[in-house]
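What follows is one structure encoded as structure tokens, with my remarks underneath.
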Amino acid sequence: MTQVPPSPAVSIRTVSKSFGKGIYAFRVLDDVSLDIGRREFFTLLGPSGCGKTTLLRLIAGFETADSGAIAIEGEDVTARPPFHRPVNTVFQSYALFPHLTVEQNVAFALEEQGMARDAIRRRVGEALEMMRMGAFARRRPAELSGGQQQRVALARALAPRPRVLLLDEPLSALDLKLRKEMQIELKMLQEEAGITFLFVTHDQEEALTLSDRVAVMQSGRILQMGSPREIYEAPTHRFVADFIGDINLLDGEALPGGGVRLDSGTVLPAAHAASGRVTVAIRPERARLVPAGTGALEATLVHSAYLGTAMLHKLELPVGGTFLLRQSDPAEAAPEAGRRVGLSLPGEALRVLAQ
Amino acid sequence: MSVAFRRLCLLSPALLVILLLVGVPLCLMAWVSLLDKGGSAGVDWSSAPSAANYVRLVWEEDFDGTMILNTGYLLIFLRSVALAAVTTVLSLALGLPVALWMASLSRTGRDVMLLLITIPFWTNLLVRNYAWLIILREDGWVSQFVNMLSPWPVQLLYNDAAVAIGLTYSFLPFTILPLYTVFEKFDWRLLEAAHDLGATRRRALRRVVLPIATPGIVAGALLVFIPCLGAFVTPALLGGGKTLMLGNIIQMQFGASRNWPFGATLAVVLLAIMLVVMTAMALWRNRRTA
Ligand SMILES: Nc1ncnc2c1ncn2[C@@H]1O[C@H](COP(=O)(O)OP(=O)(O)OP(=O)(O)O)[C@@H](O)[C@H]1O
Ligand SMILES: [Mg+2]
Chain C
1 MTQVPPSPAV SIRTVSKSFG KGIYAFRVLD DVSLDIGRRE FFTLLGPSGC
51 GKTTLLRLIA GFETADSGAI AIEGEDVTAR PPFHRPVNTV FQSYALFPHL
101 TVEQNVAFAL EEQGMARDAI RRRVGEALEM MRMGAFARRR PAELSGGQQQ
151 RVALARALAP RPRVLLLDEP LSALDLKLRK EMQIELKMLQ EEAGITFLFV
201 THDQEEALTL SDRVAVMQSG RILQMGSPRE IYEAPTHRFV ADFIGDINLL
251 DGEALPGGGV RLDSGTVLPA AHAASGRVTV AIRPERARLV PAGTGALEAT
301 LVHSAYLGTA MLHKLELPVG GTFLLRQSDP AEAAPEAGRR VGLSLPGEAL
351 RVLAQ
Chain V
356 MSVAFRRLCL LSPALLVILL LVGVPLCLMA WVSLLDKGGS AGVDWSSAPS
406 AANYVRLVWE EDFDGTMILN TGYLLIFLRS VALAAVTTVL SLALGLPVAL
456 WMASLSRTGR DVMLLLITIP FWTNLLVRNY AWLIILREDG WVSQFVNMLS
506 PWPVQLLYND AAVAIGLTYS FLPFTILPLY TVFEKFDWRL LEAAHDLGAT
556 RRRALRRVVL PIATPGIVAG ALLVFIPCLG AFVTPALLGG GKTLMLGNII
606 QMQFGASRNW PFGATLAVVL LAIMLVVMTA MALWRNRRTA
């Protein structure tokens, strides 16, 4: 017997969306297609205004797509109102009900489902405990700090245990320590309850550590989709490489049969199948400092910063432009600022990107 | 100069106005309600104060001197409260959708609607009620239209319904405006949140929109109910002298009957009813927001 693979939790097919009319029309989402697996932790990354919230709003049903279709667990929901979709949202703006207490806010969806009183009380207690908000159950949203409100918004969307949870920068207002705690709580809940997460964040570290898969968006398009490791180590676009983490980008010309001639004239032994103008990308932690004259590139050390777990060196290239280099052992001796040094760039660490 | 003294100084103009224009007349009215009626002046200022006027509201002296129950005034009180309540409910039912719709308009649309709603205030109340007289009377087109549809003859004018229609028309803006100010500030994202959590449009209206609009609803209800209780132009014209309200008998005592003390008695009782209603509303609201 052949097993039919389960339909994806969320399936987005060639969805486009514009705001405004006529000459003022502004395309916010451009032919987006996306499949999110069941129980997957999927993260959208991208600069402000690239359409992340709009995509979430389309899935939740607050906006209608100009074209394309959206299915949740195999059922087409394109024409369904929000209250008939098995998703809950943690809103970027929280949208807590001001006239209800914290616990009434969290109980809202459970009451709509007609759950028994006892079960509601238990579920609300659990959700608030998880968000470390148990002590604030009787307060109203206006009497809470921004971070506390955000945690109530999270508890409210989590409490009904939806099939799919849409989280729009749900931890943005929390301090670092609390954010780390909440990340762990969210990840555990996601795995235990088997909820599919569609997560939006501006915190790359958060995206890389939590996600099963990441999609990088730019101006309404998805540029690259893949595991955090793929996105970080094998970016396919200059934009993706630049957007995720620190990276050094060196422009040059692809040589037929391998290698890239940089604009400075240096030839780097980078493997590629490209032609024409390209960019060579290398992460700061993949390059190494070597004595002047022995590396692939020459540079002048401008500044060294002690990061605790590493040293970050800022170097000046002779043709102009800076180069970042991360030395993983801060105890290792480093040259003083102003000295000429060599840069060793291992071939396998070089990524050649079309421009 | 102490803070308390400074505060008193700054408040004194307002306090003075309240004392002179509200406090003194109220006391005067309460005092007059305890006196006897006089000859041409309406009040016998030299009479001894007594509660006789209040007794007269409910009891009547029979020919042989025994006191018998007089339900006449009581009925007018009840009818006034009932008509005011019906008018309040009608105004809210009509005002709520209008206010919601106005809040959804563009800037200019809202301004135009606000203008349209305030235009009737530029016309005298008497004139506007006469207009309804013409609309509802037997040879008017509304009456003819209704009678065409109805299998039995329908009288639109000179009854309680006519008064309720006239009052609702007059007071509708007083529910629309406070409700509109609430909805204008309403954060519509809350509606999205409610839908997101599974509430249908109706449930979201009941659980989110109406509770947040409660201050506007209470304000609108009070602004209609209280002046309605004392209304006398509309019942006089559209009620045709048959459907009397409190305002009419008060006006009669001060006018034709020249019985100011009894008029004052009725006014004091009216005031008491209003106070009870307002206190009840305030308590209800406090309980809800506590
Ligand atoms: N209702 C709307 N009308 C017109 N333009 C809109 C509307 N909503 C969003 N936009 C535009 O669509 C674009 C995408 O907005 P969106 O909120 O999806 O961005 P985002 O990726 O969530 O950004 P951020 O990271 O800042 O939250 C923006 O340029 C925004 O100005
Ligand atoms: Mg956003």
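Chains C and V are the protein sequences, given in the same order.
FYI, the numbering used here numbers position 286 of the first sequence as 286, with every residue one higher than the one before it.
FYI, the numbering used here numbers position 210 of the second sequence as 565, with every residue one higher than the one before it.
Just so it is clear, CB atoms sit at the ideal spot from N, CA and C, and this is done for glycine as well.
Note that this is a predicted model, so its numbers are computed, not measured.
Residue i CB to nearest heavy atom of ligand 1 below 8 angstroms
i	result
CYS382 of chain V	no
LYS540 of chain V	no
GLU547 of chain V	no
Closer than 8 angstroms: residue i CB and nearest ligand 2 heavy atom
i	result
VAL200 of chain C	yes
ASP168 of chain C	yes
GLN92 of chain C	yes
Residue i versus residue j - alpha carbon distance
i	j	result
ALA407 of chain V	GLY397 of chain V	16 angstroms
LYS314 of chain C	LEU324 of chain C	5 angstroms
VAL341 of chain C	ALA9 of chain C	52 angstroms
ARG80 of chain C	LEU58 of chain C	11 angstroms
THR266 of chain C	LEU255 of chain C	12 angstroms
ASP391 of chain V	SER402 of chain V	6 angstroms
GLU316 of chain C	HIS272 of chain C	26 angstroms
VAL624 of chain V	ARG132 of chain C	56 angstroms
VAL379 of chain V	GLN149 of chain C	51 angstroms
ASP399 of chain V	PHE418 of chain V	25 angstroms
LEU626 of chain V	ILE431 of chain V	15 angstroms
THR523 of chain V	THR443 of chain V	7 angstroms
GLY521 of chain V	GLN104 of chain C	42 angstroms
ARG38 of chain C	VAL441 of chain V	56 angstroms
THR14 of chain C	SER219 of chain C	15 angstroms
LEU578 of chain V	ILE36 of chain C	55 angstroms
ILE274 of chain C	GLU185 of chain C	Reading off the sequence shown, one finds Ala at residue 274 of chain C, where the question assumed Ile. If you take the alpha carbons of ALA274 of chain C and GLU185 of chain C, they lie about 44 angstroms apart.
PHE197 of chain C	MET629 of chain V	56 angstroms
TRP477 of chain V	GLN499 of chain V	30 angstroms
ARG140 of chain C	GLU129 of chain C	17 angstroms
ILE489 of chain V	GLY595 of chain V	13 angstroms
SER328 of chain C	GLU111 of chain C	53 angstroms
Three-way DSSP call (helix, strand, coil) for residue i in this model
i	result
ARG288 of chain C	strand
GLY393 of chain V	coil
ILE195 of chain C	coil
TRP400 of chain V	coil
THR209 of chain C	helix
ASN484 of chain V	helix
ASN408 of chain V	helix
GLU298 of chain C	strand
ASP66 of chain C	coil
GLN183 of chain C	helix
GLN92 of chain C	coil
TYR513 of chain V	coil
GLN190 of chain C	helix
ASN603 of chain V	helix
GLN204 of chain C	helix
TRP507 of chain V	coil
HIS272 of chain C	coil
VAL87 of chain C	strand
GLN224 of chain C	strand
ASN479 of chain V	coil
GLU143 of chain C	helix
Supposed close pair residue i, residue j - CB separation, criterion 8 angstroms
i	j	result
VAL200 of chain C	VAL87 of chain C	So it is not a contact: roughly 14 angstroms between Cβ atoms.
LEU527 of chain V	LEU449 of chain V	6 angstroms
ALA454 of chain V	LEU491 of chain V	The pair is not a contact, with the Cβ atoms about 26 angstroms apart (cut-off 8 angstroms).
SER435 of chain V	LEU601 of chain V	4 angstroms
THR54 of chain C	LEU29 of chain C	6 angstroms
ALA549 of chain V	ARG562 of chain V	7 angstroms
ALA159 of chain C	ALA109 of chain C	6 angstroms
LEU144 of chain C	GLN183 of chain C	Contact doesn't hold; Cβ gap of about 21 angstroms is too wide.
LEU350 of chain C	ILE282 of chain C	6 angstroms
_Pocket of ligand 1 defined by Cβ to heavy atom distance under 5 angstroms_ = C:PHE19, C:VAL28, C:SER48, C:GLY49, C:CYS50, C:GLY51, C:LYS52, C:THR53 and C:THR54
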